[in-house]
Every structure is written in structure tokens, then in C-alpha cells.
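S.K.:
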Amino acid sequence: RRRPDVITTTEWHAPVIWEGTYNRQVLEKYYKRLNITIGLAVFATEKFVEYLQQFIQSANKHFMIGYNVIFYIMIDDFTRLPPLELGPLRTCKIFSIIKKQGFQDAILINMKNLEMHLIDSMQHEVDFLFVMAVNQIFKNDFGVETLGRSVAQIHAWWYFNNAKDFPYERRPRAAAFIPLEQGDFYYHSATFGGTPNEVLTLLQTYQKGAIHDITKEVKSTYEQHLNKYFFLHKPAKLLSPEYNWDPNFKTPLQIKHVNIAWQSEML
């Protein structure tokens, strides 16, 4: 009601989180009683390790302030790990990326590693888990308003464009196929999250679809697989473009409060 200029609720009655659409005091009162722990998993592999220090520094300042947080860093070269300073209630766990035999795709390898650690330890350590791309910077508080059973990030660029042009996978033989004239939003692969069980289901579904495509000699992007998953399994909460805004775009009036800025170019 306070944001008539934007979509605040989906057709399946999931909230879309914008500045001014939630009461943080009420949410804080609820979640403080639960003594929750939130995990944040990030991949710092190959050239993307250059973003890691800035990402963690900004997350340390803005991500779930006042709550127990575990940063899970997945890295392929420990010698390039930068010094990381963490504040109170924050801990960090470092995992080495293990390359699986027969797996060539880097994202598939990463997600297989995340699945393994999620099953082995993460699911017993956190109540909610976010998986984020490392080439982002937290600009303002990313708080408990974002928590939900399953959480998807609306793609900033495509929110403001025609739905018929969404870059879904349209080839019927691909696992990520979404038929023409169907689809809800176009989701950005920069962020997804939810309960550990929901995140695990997404990871396993993606891997199954990616392997299917390999056998069919068709390759969809990871983001297209993510969109297919959320097309079939509607997210319980959606994050508005304010949670992943590219500063290279002209900022429209609907963007009141940039919480995370996307870095589309290398440092």
C-alpha cells in the first residue's frame, strides 16, 4: 500500500521487498527471540577472488547486523586469500574447491562443492543460507526482511523491460526450457537463498538439469536453470532490484534505497 509505484506482491501472494514495504522493528522483535544463525556462501575462484576482500568487508558492515553470521568462502587457491577482519557475531569458514572427475563446467563444479558442504555441515549450522556472487558490494543493511523459506532476486535490468523479451531458455530439448508466453519474473543469479533444505533442493535440481543438457549436447546458462527452478517452485519471497542494482544504469525513481551494488566490470 505504501509503494503503489512497484509490484509488492506476486500472483502467488509472495511479498516483493522494497524500501517502505516492511516494518523492520516488528521483524527484529520476532527474529531476535529465535536466536537464529544466517549463512552467506560465496565463490572466490579464478579472477573473481579479486572481489572477495571488498565483498566480505561490506557484508561484515551491512549483512544481518546483530545476528549470528557464518561466511562460507569457497576458494580454489588459498595463496590468494586476502586478510579478512570480522566483527562481533561473525565467523568465517574456508573451503577448497574440489574438482570432480568428469565435471568440466566451472559453475557445475562450484555447485557440486556447495552441495557437499551443505550436506556435511552447513545444514546443521545455519537456519537460513544465502548464496551470492562475489562481485557485489553491500551499500546498506541487508536484514531479516530478506529471510524466507525460499528467496529469489529479481533481475534489475529485466524488471524494467518487457516480459516477452526475458532471456529464458526457449529450446524444448533443454532442461531449463520455459515455453513462450510463460514465466513470472526474470531472476538474477547473483543471489538466492532460503532454508538449508530449500537451497539444497535447488542445487540438486540445477545439477540434474545441467548434466541432462550435457548428454543432449545443449547448454543453458546457470541463470536460465535458476529461472526454470523458480518458475516451477515459486519463491516465498522476492528481493526487488534495490538488492542488486547496477550503478551503470540510470537509477529510476522506483529505486529508493540501493542495498547492494553490482560490479559488472573487474576491479
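At position 234 of the sequence shown the residue is numbered 223 (this note's numbering), and the sequence of numbers has no breaks. C-beta atoms are modelled at their ideal positions from N, C-alpha and C, and glycine is treated no differently. Predicted, not measured: the structure shown is a model, and the values here were computed from it.
Going by CA-CA distance only, name the one from F60, E35 and I126 that's closest to I86.
M.R.: Comparing Cα-Cα distances from I86 to each of F60, E35 and I126, the minimum goes to E35.
S.K.: Does P(-7) pass the burial test, meaning 16 or more other C-beta atoms within 10 Å, or should it be called exposed?
M.R.: By the 10 Å Cβ count, P(-7) comes out exposed.
S.K.: Alpha carbon to alpha carbon, how far is T204 from R160?
M.R.: If you take the alpha carbons of T204 and R160, they lie about 15 Å apart.
S.K.: So N150 is in the beta strand (DSSP E); what residue range does that whole segment cover?
M.R.: Here N150 belongs to no beta strand (DSSP E), and DSSP marks it neither H nor E.
S.K.: State the Cα-Cα distance for the pair I6 and T(-2), rounded to the nearest angstrom.
M.R.: In a straight line, the C-alpha of I6 is about 9 Å away from that of T(-2).
S.K.: With distance defined between alpha-carbon atoms, name the residue in L97, K88, K217 and V38 nearest to T68.
M.R.: That would be V38, whose Cα lies nearest to the Cα of T68.
S.K.: Starting from T(-2), follow its DSSP beta bridges and name the residues at the other end.
M.R.: In the DSSP output, where bridge partners are listed per residue, T(-2) has P4.
S.K.: Reducing DSSP to helix, strand and coil, say where I108 ends up.
M.R.: In the structure shown, I108 sits in a helix (DSSP, three-state: H, G or I).
S.K.: Quick check for students: name the residue ranges of the alpha helix (DSSP H) that lie wholly in the region 44 to 128, counting only runs of 4 or more.
M.R.: If we require 4 residues or more, the alpha helix (DSSP H) runs fully inside the region 44 to 128 come out as 95 to 106.
S.K.: Can you name, in chain order, every residue of its own chain whose Cβ lies under 8 Å from the Cβ of E114, other than the five neighbours on each side?
M.R.: Within the same chain, E114 has close Cβ partners T26, G28 and I59.
S.K.: Judging by CA-CA distance, which residue of L215, F127 and I143 is the nearest neighbour of N49?
M.R.: Of the candidates L215, F127 and I143, the one whose C-alpha sits nearest the C-alpha of N49 is F127.
S.K.: DSSP puts V31 in a beta bridge; with which residues?
M.R.: Its beta-bridge partners are I62 and M121.
S.K.: Nearest-angstrom Cα distance between L256 and I200?
M.R.: With a pLDDT of 49 at L256, under the threshold of 50, the modelled position of this residue cannot be trusted, and the question is left open.
S.K.: Run the CB neighbour count on I83, radius 10 Å, all protein chains shown included, and call it buried at 16 or more, exposed below.
M.R.: By the 10 Å Cβ count, I83 comes out exposed.
S.K.: Could you tell me which of D94, N102 and F44 sits nearest to L192, measuring between CA atoms?
M.R.: The residue with the shortest Cα to Cα distance from L192 is N102.
S.K.: State the DSSP-derived secondary structure class of E231, mapped to helix, strand or coil.
M.R.: The answer is helix: DSSP assigns E231 an H, G or I state.
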